[in-house]
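Each residue of the sequence shown is one higher than the last, beginning at 687 in my numbering. For every residue, glycine included, the Cβ atom is placed at its ideal position computed from N, Cα and C. Working notes, beginning with the structure itself.
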Amino acid sequence: MIPGADAAGAAAPTVVPLAAWRRAHGIAPPIRAARPEESAALTTLCLRAKASLGVSEDLMRLWVPVLTLPAEAIAAGRVLVAAETALLGVAAHGPPVDGLAELTLLCVDPAATARGVGTALLGAVVARLRAQGVRRMTILAERGIAGFYRRMGAVPTGFAPSPAIPGRMLPSLLLELR
Ligand SMILES: CC(C)(COP(=O)(O)OP(=O)(O)OC[C@H]1O[C@@H](n2cnc3c(N)ncnc32)[C@H](O)[C@@H]1OP(=O)(O)O)[C@@H](O)C(=O)NCCC(=O)NCCS
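This is the structure in structure tokens:
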């Protein structure tokens, strides 16, 4: 189980208990619902995360609309952030349909990677979706990132078109929400 996914009742806005994560790392980033006024800062954070993967400036332009969080997703509580004094990372999911939801975005600030922020955010998304009766989540990952989701228990399901770059296929995965 992903740390944090055992959180009971995950109505947003929420702070998810991250007991397992605390045990493993000794410290946990607080997770809460994103605020509307944070939208631009979250897009900037995601662009930094994407650029850290070595994406060229030309291709980065194509990612801007995909990494711009829709106001209705924030208002609906489908965008979660990890934040201390600064924003550390953000995750978002689509509206659930028939027990299935899509992880639409997960970005950790390059300055805050390898501290468990991605794990904590994914765990919070899982807890929120499980509380809504969702049992499976689809994920589209950058090639170098699919390993992170496999590490979290997701199973590769093939490839699907990139939401940003025409003609580019990205690894797709499925995570059973336990
Ligand atoms: C991938 C990402 C979310 C990982 O976040 P993170 O906070 O560094 O991850 P964690 O510290 O929680 O790492 C958890 C585990 O996953 C592993 N991991 C992290 N990144 C990995 C990767 N790219 N491949 C394989 N394993 C990875 C870690 O080593 C760690 O394993 P451990 O528990 O054995 O030590 C982050 O690097 C990121 O945001 N990358 C950019 C992603 C992107 O482009 N997003 C935009 C489109 S949605």
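Residue i: CB within 8 Å of a non-hydrogen atom of ligand 1
{"i": "V794", "result": "yes"}
{"i": "V803", "result": "yes"}
{"i": "S848", "result": "no"}
{"i": "L739", "result": "yes"}
{"i": "L753", "result": "yes"}
{"i": "F834", "result": "yes"}
{"i": "R837", "result": "yes"}
{"i": "L791", "result": "yes"}
{"i": "E770", "result": "no"}
{"i": "E743", "result": "no"}
{"i": "I831", "result": "yes"}
{"i": "G780", "result": "no"}
Below-9 Å beta-carbon distance, residue i vs any chain D residue
{"i": "M746", "result": "Within the model displayed, chain D is absent; a lone protein chain is all it includes."}
Under 9 Å between C-beta atoms of residue i and residue j
{"i": "V803", "j": "L766", "result": "no"}
{"i": "E862", "j": "R821", "result": "yes"}
{"i": "A832", "j": "L807", "result": "no"}
{"i": "P722", "j": "A772", "result": "no"}
{"i": "R829", "j": "P857", "result": "yes"}
{"i": "L774", "j": "L755", "result": "no"}
Cβ shell of residue i (< 7 Å), same chain only, five flanking positions each side left out
{"i": "R734", "result": "D795, P796"}
{"i": "Q818", "result": "P782"}
{"i": "G785", "result": "G819, V820, R821, R822"}
Residues near residue i by beta carbon distance below 8 Å, same chain, minus five either side
{"i": "P849", "result": "V752, L826"}
Alpha helix (DSSP H) segments (min. 4 residues) lying fully within the stretch 708 to 762: 725 to 737, 743 to 749, 757 to 761
Under 8 Å: do the stretch 742 to 753 and the stretch 778 to 787 share three or more Cβ pairs, one atom per stretch? no
Which complete beta strand (DSSP E) runs does the stretch 782 to 849 hold, if anything under 3 residues is left out? 786 to 794, 822 to 826, 841 to 847
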